[in-house]
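The block underneath contains the structure these notes are about, expressed in structure tokens.
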Amino acid sequence: MYLPIKIGLSPTLKIRGIIAVEDICKDQIIERCPILLIEVKQESLIKDTPLNNYIFEWNKEYIAIVLGYGSLYNHSYRPNARYAHNYQDKLTIFRAIKDIKKGEEIFVNYNYVPTSKAKLDLEISSLDKTYNTKRLGKVR
1 MYLPIKIGLS PTLKIRGIIA VEDICKDQII ERCPILLIEV KQESLIKDTP LNNYIFEWNK
61 EYIAIVLGYG SLYNHSYRPN ARYAHNYQDK LTIFRAIKDI KKGEEIFVNY NYVPTSKAKL
121 DLEISSLDKT YNTKRLGKVR
């Protein structure tokens with residue numbers, strides 16, 4: 001499956017991020033990501049691991065690991081994309097909310113609502129720039 005994105009170095013954050021490899025139009029689907037569900041009661045098993053930084057809230061019973069590039073989009077309070085969960089098909093879908101030019105980094109607001117300015121539970125760690133450390137707003 002062709003995707004209009006690649007993993008690259010974030011020009012602003014200097015960590016890995018998702019970069020457009022072609023122009024992406026507003027409302028265009030960027031990626032459909034399958035998910036793995038984990039029961040909330042098992043969350044403690046990954047709490048002290050790097051994987052904890054990539055968990056999305058799914059519902060009251062499950063958390064989700066979003067596969068594909070889904071857990072690698074960096075956070076911004078001025079996003080150019082958003083994500084939505086498709087509960088029936090167990091997918092997380094990333095879609096452009098404005099036109100994105102080739103070479104631009106793709107950002108989402110991990111508070112789920114693109115206009116939300118709420119502080120995230122976890123910000124980018126100055127100790128370990130190799131991980132996109134974030135918990136998503138309908139991500140945890």
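Sequential numbering of the sequence shown, starting at 1, is according to the UniProt record's numbering.
Each residue gets a CB set at the ideal place from its N, CA and C atoms; glycine is no exception.
Got a sec? Which residues, its chain only, sit under 8 Å from residue 102 by beta carbon, not counting five neighbours each side? These residues qualify, in order along the chain: 20, 21, 22 and 23.
Taking the alpha-carbon positions, what's the residue 11 to residue 5 distance? Using only the alpha carbons, I get a separation of about 15 Å.
Answer yes if the segment 73-84 comes into contact with the segment 47-55, meaning at least three C-beta pairs across the two stretches below 8 Å, and no otherwise. Output reads no: the segment 73-84 does not touch the segment 47-55.
Cβ-Cβ distance between residue 143 and residue 69 below 9 Å: Since the first residue of the chain shown is 1 and the last is 140, residue 143 is not available in this structure.
Could you pull the DSSP bridge partners for residue 62 from this structure? Here residue 62 is bridged, per DSSP, to 39.
Taking residue 94 as the reference, give the member of 16, 40, 27 and 7 with the closest Cα. Ranking 16, 40, 27 and 7 by Cα distance to residue 94 puts 27 first.
Whose C-beta lies closer than 6 Å to the C-beta of residue 90 among residues of the same chain, with five residues either side of it excluded? For residue 90, same chain residues with a beta-carbon under 6 Å away, outside a window of 5 residues either side, are 35 in chain order.
Using DSSP bridges, identify the partner residues of residue 34. Answer is 91, bridged to residue 34.
Can you tell me whether DSSP reads residue 67 as helix, strand or coil? If DSSP states are grouped into helix, strand and coil, residue 67 belongs with coil.
Quick one: using the 10 Å Cβ neighbour count with 16 as the cut-off for buried, is residue 100 buried or exposed? Sixteen is the threshold: when 16 or more other Cβ atoms of the shown chains lie within 10 Å of the Cβ of residue 100, as they do, the residue is buried.
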